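Enquirer: Quick one: the structure is below, questions incoming.
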Amino acid sequence: GRPLGGKVALVTGGSRGIGAEIALRLAADGAAVALTYHRRADLAERVVERIGQDGGQGWALRADSADPEQVHTAVAGVAERWGGLDILVNNAGINVVGPFEELSVADVDRVLRTNVRGPFLVTQAAVPHLREGGRIICIGSCLAERVVIPGSTLYATSKAALSGLTRTLARELGPRGITANLVQFGPIDTDMNPADGETAAAQASLTALGSYGRASDVAATVAHLAGEGGRYITGAALTVDGGFAA
Ligand code: NDP
Numbered sequence: 014g015r016p017l018g019g020k021v022a023l024v025t026g027g028s029r030g031i032g033a034e035i036a037l038r039l040a041a042d043g044a045a046v047a048l049t050y051h052r053r054a055d056l057a058e059r060v061v062e063r064i065g066q067d068g069g070q071g072w073a074l075r076a077d078s079a080d081p082e083q084v085h086t087a088v089a090g091v092a093e094r095w096g097g098l099d100i101l102v103n104n105a106g107i108n109v110v111g112p113f114e115e116l117s118v119a120d121v122d123r124v125l126r127t128n129v130r131g132p133f134l135v136t137q138a139a140v141p142h143l144r145e146g147g148r149i150i151c152i153g154s155c156l157a158e159r160v161v162i163p164g165s166t167l168y169a170t171s172k173a174a175l176s177g178l179t180r181t182l183a184r185e186l187g188p189r190g191i192t193a194n195l196v197q198f199g200p201i202d203t204d205m206n207p208a209d210g211e212t213a214a215a216q217a218s219l220t221a222l223g224s225y226g227r228a229s230d231v232a233a234t235v236a237h238l239a240g241e242g243g244r245y246i247t248g249a250a251l252t253v254d255g256g257f258a259a
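Right, dumping it as structure tokens:
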């Protein structure tokens with residue numbers, strides 16, 4: 014059988030970029046995959062279609078990670094439809110860049126609501142449904158470990174918070190046989206951070222490999238953690254950044 018056969022996964026922000034690639038990969042590995050999105054219903058449905066074409070089970074749900082009720086309804090709906098939950102990937106996130114002194118309270122709230130409170134609430138909604146052997150995987154950033162350029166105070170703050178969340182979850186849920194890990198990625202070519210963007214060459218040159226990563230690189234790491242290979246990995250912050258932090 015396939016490595017994730019019989020498992021149920023939920024990926025937040027699965028309509029585009031990294032989340033879409035993770036959803037496709039987990040489905041290819043045999044999991045039934047629910048994905049949330051915020052605005053791009055069309056793209057989310059396209060991902061579900063691709064999962065179906067490969068013989069998998071996919072389901073797209075609109076749920077703004079910043080909205081506790083929408084989050085709760087979506088998570089409960091997935092657990093009800095598929096009888097529980099095994100893998101949660103907290104991927105949905107936004108980036109607001111700018112000089113520290115110019116960031117507004119609205120910017121602060123928007124980023125923390127989506128990048129910090131979102132994963133917190135999604136995980137809270139998911140934990141009651143997670144079965145033994147469950148996996149919680151948070152998508153963080155290498156900027157939480159090493160910041161070499163100005164302008165990322167807000168984003169780096171939000172991604173660093175995931176470390177506290179993930180480590181404590183590992184402690185609280187370990188006795189139930191559930192792991193929690195944080196993966197801190199380097200520059201990955203997506204809408205958020207296009208490999209032909211203004212700062213792309215600079216970002217690539219700061220990695221040891223001298224290049225951007227692909228969303229499929231992220232998906233491969235997540236698939237490893239989600240599968241049997243991740244059995245004994247918990248409370249870890251893995252760095253997958255082409256050597257950005259080296
Ligand atoms: P994209 O901007 O390309 O895609 C973002 C995804 O998240 C979309 O599916 C979007 O949905 C969804 N999303 C955004 N806000 C919300 C919300 N409030 N509620 C629900 N879903 C939401 O980003 P990436 O794929 O690049 O990034 C994904 C994650 O990876 C983020 O957490 C990001 O911080 C992290 N990351 C990215 C890196 C990079 O270089 N790209 C590096 C390290 C980490 P919709 O389509 O409906 O708008």
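Each number in the UniProt record's numbering corresponds to the 1-based position in the sequence shown with 13 added.
Glycine included, every Cβ here is placed at the ideal spot set by N, Cα and C.
From a predicted model like this one, the values you see are computed outputs, not experimental measurements.
(1) Tell me whether Leu17 counts as near the ligand NDP, meaning its Cβ is closer than 7 Å to at least one heavy atom of that ligand.
(2) If you drop the 5 nearest sequence neighbours on each side, which residues of the same chain put their C-beta closer than 7 Å to that of Glu34?
(3) Assuming Ala217 and Gly223 form a contact by the criterion Cβ under 8 Å, report the distance between their Cβ atoms to the nearest whole angstrom.
(4) Could you tell me which residues DSSP pairs with Gly226 in its beta bridges?
(5) Run the CB neighbour count on Ser165, radius 10 Å, all protein chains shown included, and call it buried at 16 or more, exposed below.
(6) In this structure, does DSSP put Ala119 in helix, strand or coil?
(7) CB of Phe198 to nearest heavy atom of the ligand NDP: below 7 Å?
(8) Excluding the 5 residues flanking Ala45 on each side, which residues of the same chain have their C-beta closer than 6 Å to its C-beta?
(9) Should Ser117 be labelled buried (16 or more other beta-carbon atoms within 10 Å of its own) or exposed?
(10) Could you work out which residue in Asp42, Arg52, Phe198 is closest to Gly153 when comparing CA atoms only?
(11) For the beta strand (DSSP E) holding Glu185, just list the boundary residues, first then last.
(12) Just to confirm, is the Cβ distance from Ser78 to Thr25 under 8 Å?
Expert: According to the data block:
(1) no
(2) Ala228, Ser229, Val231, Ala232
(3) 6 Å
(4) In DSSP, Gly226 forms a bridge with Ile201.
(5) buried
(6) In the three-state DSSP reduction, Ala119 falls in the helix class (H, G or I).
(7) yes
(8) Counting only Cβ-Cβ distances below 6 Å, and skipping sequence neighbours, we find Val21, Gln70, Trp95.
(9) exposed
(10) The residue with the shortest Cα to Cα distance from Gly153 is Phe198.
(11) Note, Glu185: premise wrong, no beta strand (DSSP E); alpha helix (DSSP H) at 166–186.
(12) yes
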